[in-house]
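Keeping their order, the protein sequence lines are chains A and B. Each residue of the first sequence is one higher than the one before, counting from 471 in the working numbering. Each residue of the second sequence is one higher than the one before, counting from 1291 in the working numbering. Quick reminder that beta carbons are idealized off the backbone N, C-alpha and C, glycines included.
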Amino acid sequence: MRLGATVFGRYYAGDSVVHRMDPRAKLLIVLVYMVAAVLAVDLWGVAVLAAFTLACVLLSRIPLREVFDSVKPLLFILVFTALLNVLTVSEGTVYWHWAMLTISSGGFWHALVFTLRVGLMLFGASLLTLTTTTIDLADGIEALLKPFARVGLPAHELAMMTSIALRFLPTFLDEGVKIKRAQESRGATFDEGGPWQRLKMLVPLLSPLFASAFRHANELSMAMESRCYHGAEGRTSLRALRFGRADYVGFAMAIVMVVLLVVTRVMLSAGVTGHFA
Amino acid sequence: MSVVFQDVSYAYGADQPPALSHVSLTIPDGQFLGVIGHTGSGKSTLVQHMNGLLQPTSGRVIVDGLDLADRRSRHEVRRHVGVAFQYPEYQLFAATVREDVAFGPTNLGLGAAEVDGRVRRALERVGLAYDEVAERSPFHLSGGQQRRVALAGILAMEPRTIVLDEPMAGLDPRGCEDILGLVHRLHEDGMTVVMVSHSMEDVAENADEVLVMSGGRVLMKGAPDEVFSRREELYRVGLDVPQATRFQSRLRAAGLSLPQDVHTIEALADAIVASVGTRTKERYQELAARAGGVAGDRVARAGEDAGATKDAGATTQGSDGR
């Protein structure tokens, strides 16, 4: 009973340039991309980000629909942020006003830009996990964090935790569905009744899920220990990470993206198309 | 309370292969249906249709005249059809056994007194002493006890049909026996039982009818004797016949005459007794003829007795003794 077909954080097997890139490069580019998405506050910036994202998706040879599907479960975040923007921002023509809530033309504008930015962020993050196996991801994170190990940062452990978390995400979704069905079989309803009723129904859902998380953790740690896992010390990697041509191209693309963002930003603040800001 | 599947198909996603395809079957009131099939044959998916947890992509499921396509029917049916998933103890959540078992009846909106009565009855039914376990945390019980508490949680809904997906999985032999005994009693009390199992023996010994699933389809449905006599077909879909049946064919190959096909240990024992019994009788008669006179008469009489005795051990010993 696999329901993991559309799960955020899933790996989509492939052999594209993006799949073969060094995980460190991908992580760094995603980091730059995230920062850029936070700083891109206008429609031009969003357009630059979108173009970059589209280029990456095309290069990864993952069907666009697949990427959309992977983000779909998080759609509610987008809807929520959009609503928040529409209702709280008060700029331009005000159409409706009640207590702290305002619906205005500026609100819609902000909602549009903000939702697109958050959406693109999710897209970028999803593309990273779609094209990178959890092992690669963990290796990449560990390699990038290694310089901080000297000041006491447990780089290897953090990387291991991240990869385990990603690995078990689909498992927990599956188990959550199973527990929900089991409680429904005992007459529970999760989509009826008032807020208090619904809140109360979280206990029969979450408490078995926590129990199962601890069970998995216990079993996993035993399995790891019985294979002599002992953390980072003296541990070497099967594959040495090495930057290749694809990685440099990726960095170049990211730099172009950042430059374009800065240029559009500067042009805007210089007042070329001032009313967009 | 009959469960009827009418040409039911189900797929987990539009681009997924169907987990069930064109399943039609009827489970009459009071039947014990054993469901067997290879992993991934659609057993669990089938089971989840029985109280509307899953709705068919096409076709209809009708329980006691109620079509489960209707939302209200589904709620109604969940009172009457209890479904126990694999490892049902993983659904335990409350701080005490009493609260956990009371979850179902409370959801039905019953009064406190009725809920309490049901909790007591359900725990008693699964063989747990209310006074001993009611106030304990379910998480501190043994695995077998946890499983029984979980089943009590379903029985407290007082369903007329119980559907069990591998109820013995992961238990020790003693725990298996307890659960199987419980299921057997429930059926004797008049409940309709649907049990998914990997154990051909358990199915052969308990089920009135056996349903064989393969690739999301119904491969066979019939009495255990009928199903388990189609050995080759079962082999082909990764299943087997009960051990007793396999043992019987070994004995036959060794030259023992066992005319009737058997599928349970008891039936096999009876068949062996019958076969060995007649043999000894013939042997006694042979001896009697050879001995002749008074001694021969006595041997022949002993042979009559031995042949009539049910205990196979005694008769074989008797023949060896001479």
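Mapping the DSSP letters down to three states, classify residue i as helix, strand or coil.
i	result
glycine 1342(B)	coil
isoleucine 532(A)	coil
phenylalanine 1295(B)	strand
glycine 480(A)	The amino acid occupying residue 480(A) in the given sequence is arginine; glycine does not appear at that position. Here arginine 480(A) sits in coil by DSSP.
methionine 1458(B)	coil
arginine 1507(B)	strand
glycine 1603(B)	Low confidence applies to glycine 1603(B): its pLDDT is 43, below 50, so where it sits in the model is not reliable, and the reading given next is rough at best. The answer is helix: DSSP assigns glycine 1603(B) an H, G or I state.
arginine 1350(B)	strand
leucine 1413(B)	helix
threonine 602(A)	coil
proline 624(A)	coil
proline 1463(B)	helix
histidine 567(A)	strand
serine 574(A)	strand
valine 1453(B)	strand
leucine 1375(B)	Residue identity differs from the one stated: residue 1375(B) is phenylalanine in this sequence, not leucine. Looking at phenylalanine 1375(B) - three-state DSSP - the assignment turns out to be coil, as it is neither helix nor strand.
threonine 1316(B)	strand
proline 1308(B)	strand
methionine 692(A)	helix
Taking 8 Å as the threshold (C-beta atoms), are residue j and residue i in contact?
i	j	result
valine 1502(B)	leucine 1509(B)	yes
glycine 657(A)	leucine 679(A)	no
threonine 1335(B)	tyrosine 1300(B)	yes
proline 1614(B)	histidine 1477(B)	Any answer about residue 1614(B) is impossible in this case: the structure gives chain B only from 1291 up to 1612.
phenylalanine 593(A)	methionine 723(A)	no
leucine 1315(B)	phenylalanine 1295(B)	yes
leucine 1472(B)	leucine 1431(B)	no
glycine 577(A)	valine 549(A)	no
glutamine 1533(B)	leucine 1548(B)	no
proline 1428(B)	valine 1439(B)	yes
valine 1416(B)	leucine 1445(B)	yes
tyrosine 1420(B)	serine 682(A)	no
Alpha carbon to alpha carbon, how far is residue j from residue i? Give it in angstroms, no decimals.
i	j	result
leucine 528(A)	lysine 496(A)	15 Å
alanine 613(A)	phenylalanine 546(A)	34 Å
alanine 1564(B)	glycine 1303(B)	55 Å
methionine 630(A)	alanine 483(A)	21 Å
leucine 711(A)	leucine 498(A)	14 Å
leucine 1382(B)	arginine 1437(B)	9 Å
aspartate 1390(B)	valine 1423(B)	11 Å
histidine 686(A)	serine 530(A)	33 Å
alanine 619(A)	alanine 625(A)	6 Å
threonine 602(A)	alanine 635(A)	15 Å
methionine 1458(B)	cysteine 1466(B)	5 Å
arginine 651(A)	phenylalanine 660(A)	10 Å
serine 677(A)	glutamate 536(A)	33 Å
threonine 585(A)	threonine 551(A)	7 Å
alanine 520(A)	leucine 1529(B)	54 Å
alanine 1403(B)	arginine 1426(B)	20 Å
leucine 1310(B)	glycine 714(A)	48 Å
methionine 671(A)	valine 564(A)	40 Å
valine 728(A)	asparagine 688(A)	45 Å
phenylalanine 642(A)	threonine 632(A)	15 Å
alanine 595(A)	histidine 1488(B)	42 Å
alanine 506(A)	methionine 591(A)	10 Å
tyrosine 1525(B)	arginine 1542(B)	20 Å
isoleucine 573(A)	leucine 513(A)	20 Å
Answer with yes or no whether the minimum CB distance from residue i to chain B is below 8 Å.
i	result
glutamate 695(A)	no
glutamate 654(A)	yes
alanine 681(A)	yes
glycine 466(A)	Any question about residue 466(A) goes unanswered here, given that chain A covers just 471 to 747.
proline 678(A)	yes
proline 617(A)	no
proline 493(A)	no
proline 674(A)	yes
Quick one: is residue i near chain A, going by C-beta distance under 8 Å?
i	result
arginine 1507(B)	no
valine 1373(B)	yes
arginine 1388(B)	no
proline 1307(B)	no
glycine 1332(B)	no
proline 1549(B)	no
glycine 1394(B)	yes
tyrosine 1300(B)	no
Selection of the segment 1438–1451 of chain B by Cβ proximity to chain A, strictly under 9 Å: Ala1440, Gly1443, Ile1444, Ala1446, Met1447
Residues of the segment 627–655 of chain A with Cβ closer than 7 Å to any Cβ of chain B, in chain order: Lys648, Ile649, Arg651, Ala652, Gln653, Glu654, Ser655
Residues of the segment 514–543 of chain A with Cβ closer than 8 Å to any Cβ of chain C, in chain order: Protein chains A and B are contained in the structure displayed, whereas chain C is not.
Within 9 Å of chain A by C-beta, residues of the segment 1404–1438 of chain B in sequence order: Phe1429
Selection of the segment 1334–1365 of chain B by Cβ proximity to chain A, strictly under 8 Å: Ser1334, Thr1335, Gln1338, Asn1341, Leu1343, His1365
Residues in the segment 1310–1328 of chain B having any Cβ partner in chain A nearer than 8 Å: none
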